[in-house]
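Asks: Residue numbers (full-length UniProt numbering): 1 to 260.
C-beta atoms are modelled at their ideal positions from N, C-alpha and C, and glycine is treated no differently.
Here the structure is a predicted model, which is why all the values come from computation and not from measurement.
Submitted below is the structure of interest, expressed as structure tokens.
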């Protein structure tokens with residue numbers, strides 16, 4: 001029987017060219033854990049890895065069982081990057097990233113518009129900032145799938161990092177997914193895969209617009225200078241308080257967007 005999410009410690013084939021190893025680092029922010037994606041054509045002896053995940057020796061060793069041509073980093077958050085340096089040592093392969101501190105083993109700068117060819121595949125790099133300033137997605141045309149990292153998750157909604165996240169950028173990134181057209185499978189950084197990226201992205205856009213309306217309404221009630229925490233307590237009153245810290249990050253970004 002085919003494996004289904006979540007499956008810890010087991011390589012799970014999702015599309016013809018993409019398999020996933022789920023790291024055992026569950027949390028409120030990472031859902032069941034971080035997805036490390038392994039991309040290769042069926043007849044290839046090597047692969048491309050997307051996000052080595054946490055510094056977990058057992059997880060990294062499992063990922064390294066297939067010869068690695070290169071590793072690509074989706075964004076700077078530690079649950080995606082912490083194992084990068086060790087993974088480069090294990091595999092002798094480069095780790096490419098936007099930011100210098102996440103490049104290892106001779107890795108170079110990665111940016112939107114790049115095209116990577118290895119493992120018998122052609123992967124197009126798509127800049128999708130908003131969750132973080134350096135967020136990237138990876139378009140795999142061979143089986144019409146997009147690795148969305150944390151820009152779109154397998155369930156729930158994305159928290160925007162209030163240190164360098166930007167709502168305007170995020171909305172633009174969702175629209176760039178829609179522009180790809182229908183029929184792309186979502187391969188997220190956390191959670192299970194989803195069908196039809198275009199439909200999911202439209203739903204995410206509608207959700208963001210709804211939240212913005214709620215924040216605008218809260219400001220009318222609380223006053224224009226209300227804090228993010230006050231807005232969270234007003235808008236997220238029906239949400240478990242354990243999630244308010246994450247919600248506050250997104251509200252900070254929403255307030256920055258509304259206040260220009």
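1) Using CA coordinates, which residue listed in 146, 251, 214 is at the minimum distance from residue 227?
2) Beta carbon of residue 191, beta carbon of residue 153: below 9 angstroms?
3) Excluding the 5 residues flanking residue 243 on each side, which residues of the same chain have their C-beta closer than 8 angstroms to its C-beta?
4) Assess contact between the segment 73-85 and the segment 112-119, defined as three or more Cβ pairs (one per stretch) separated by less than 8 angstroms. Is contact present?
5) Does the Cβ of residue 258 have 16 or more other Cβ atoms within 10 Å, making it buried, or fewer, making it exposed?
6) If you draw a straight line from the alpha carbon of residue 155 to that of residue 220, how long is it in whole angstroms?
7) Are the Cβ atoms of residue 119 and residue 194 separated by less than 9 angstroms?
8) Is residue 4 close to the ligand HEM? I mean its beta-carbon at under 8 angstroms from any heavy atom of the ligand.
9) Sort 224, 72, 214, 178 by Cα distance to residue 200 and report the nearest one.
10) By the three-class DSSP mapping on this structure, what secondary structure does residue 111 have?
11) Count the C-beta pairs between the segment 91-111 and the segment 65-79 that are closer than 8 angstroms, then say yes if the count reaches three, no if not.
12) When the distance is taken between beta carbons, is residue 249 closer than 9 angstroms to residue 130?
13) For residue 190, does the three-state DSSP call read helix, strand or coil?
14) Since I believe residue 150 is in contact with residue 158 (beta carbons under 8 angstroms), could you give me their beta-carbon distance rounded to a whole number of angstroms?
15) Output the residue ranges of the alpha helix (DSSP H) runs that lie fully inside the UniProt domain "Metallo-beta-lactamase" (33-190) and measure 4 residues or longer, sorted by chain position.
16) For the putative contact between residue 136 and residue 253, defined by C-beta atoms under 8 angstroms, what is the C-beta separation to the nearest angstrom?
17) With distances taken between CB atoms, is the gap from residue 2 to residue 13 smaller than 9 angstroms?
18) Identify, in the order they occur along the chain, each residue of the same chain with its Cβ nearer than 8 angstroms to the Cβ of residue 64, setting aside the five sequence neighbours on each side.
Replies: Put simply:
1) What you label residue 227 is simply residue 227 of the chain shown in a count that begins at 1. Measuring from the Cα of residue 227, the nearest candidate turns out to be 251.
2) Walking along the chain shown from the start, residue 191 turns up at place 191. Walking along the chain shown from the start, residue 153 turns up at place 153. Yes, these two residues count as a Cβ contact at 9 angstroms.
3) Numbered from its first residue, the chain shown carries residue 243 at position 243. So the list reads 28, 236, once near-sequence residues are dropped.
4) no
5) To locate residue 258, count along the chain shown from 1; it is residue 258. Looking at its Cβ environment, which holds fewer than 16 other Cβ atoms inside 10 Å, residue 258 is exposed.
6) Your numbering for residue 155 matches position 155 in the chain shown. Your numbering for residue 220 matches position 220 in the chain shown. When rounded, the distance between both Cα atoms is 31 angstroms.
7) Walking along the chain shown from the start, residue 119 turns up at place 119. Walking along the chain shown from the start, residue 194 turns up at place 194. Not a contact, by the Cβ cut-off of 9 angstroms.
8) This structure simply doesn't include the ligand HEM, nor any ligand for that matter.
9) In the chain shown, the residue the question calls residue 200 occupies position 200. Out of 224, 72, 214, 178, 178 has the C-alpha closest to the C-alpha of residue 200.
10) Position 111 of the chain shown holds residue 111. Three-state DSSP puts residue 111 in coil, outside helix and strand.
11) yes
12) For the purposes of this step, residue 130 is taken as the residue at position 130 of the chain shown. For the purposes of this step, residue 249 is taken as the residue at position 249 of the chain shown. Against a cut-off of 9 angstroms, the Cβ pair of residue 249 and residue 130 comes out as no contact.
13) The residue you call residue 190 lines up with position 190 of the chain shown. Coil at residue 190, not helix or strand.
14) For this step, residue 158 is matched to residue 158 along the chain shown. For this step, residue 150 is matched to residue 150 along the chain shown. Confirmed, Cβ separation roughly 6 angstroms.
15) 57-63, 78-81, 84-91, 167-180
16) Within the chain shown, numbered from 1, the residue matching residue 136 stands at position 136. Within the chain shown, numbered from 1, the residue matching residue 253 stands at position 253. Rounded, the Cβ-Cβ distance is 19 angstroms, inconsistent with contact.
17) The residue labelled residue 2 in the question sits at position 2 within the chain shown. The residue labelled residue 13 in the question sits at position 13 within the chain shown. Yes, these two residues count as a Cβ contact at 9 angstroms.
18) For the purposes of this step, residue 64 is taken as the residue at position 64 of the chain shown. So the list reads 87, 90, 91, once near-sequence residues are dropped.
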